[in-house]
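J.: First the structure, which I've put down as structure tokens, then a few questions once you've had a look.
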Amino acid sequence: MIELDPNTNQIVWEYRDNPYFNFYSSRISGARRLPNGNTLITDGMSGRMFQVTPSGEVVWEYVNPYFAKDTNGVEDNRVFRSTWYMPGEIPQLQ
């Protein structure tokens, strides 16, 4: 995961999993900077969502335990995206 400064094209932040090859997804993935400064990362092809601090510490992780067959009969646990909700954003959960 690399964050670039759009004005300078310089890397201002990056995250690499350990080992680094554990973290790769060619599609259906993304990241969002959260109000607390952490980053919510969705590794869609692996069915994994996790939050990392600015220093790169993983503070929580969820891996989708549900597998389904795709059109080729291959089972996987992909996820499309994840959304972080702050307390109070979903009144029904109060």
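Under our numbering, the first residue of the sequence shown carries the number 3, and numbering increases by one thereafter. C-beta atoms are modelled at their ideal positions from N, C-alpha and C, and glycine is treated no differently.
Within 10 Å of its beta-carbon, does phenylalanine 52 have 16 or more other beta-carbons around it, so buried, or fewer, so exposed?
T.: Buried.
J.: To the nearest angstrom, how far is it from the Cα of proline 89 to the Cα of alanine 33?
T.: Cα to Cα, the separation comes out at about 20 Å.
J.: To the nearest angstrom, how far is the alpha carbon of alanine 70 from that of valine 81?
T.: Spanning the two alpha carbons is a distance of roughly 11 Å.
J.: To which residues does DSSP link glycine 32 through a beta bridge?
T.: According to DSSP, which records beta bridges pairwise, glycine 32 is partnered with Thr44.
J.: Smallest Cα separation from arginine 18: which of Leu42, Ile4 and Asn38?
T.: Here the closest residue by C-alpha is Ile4.
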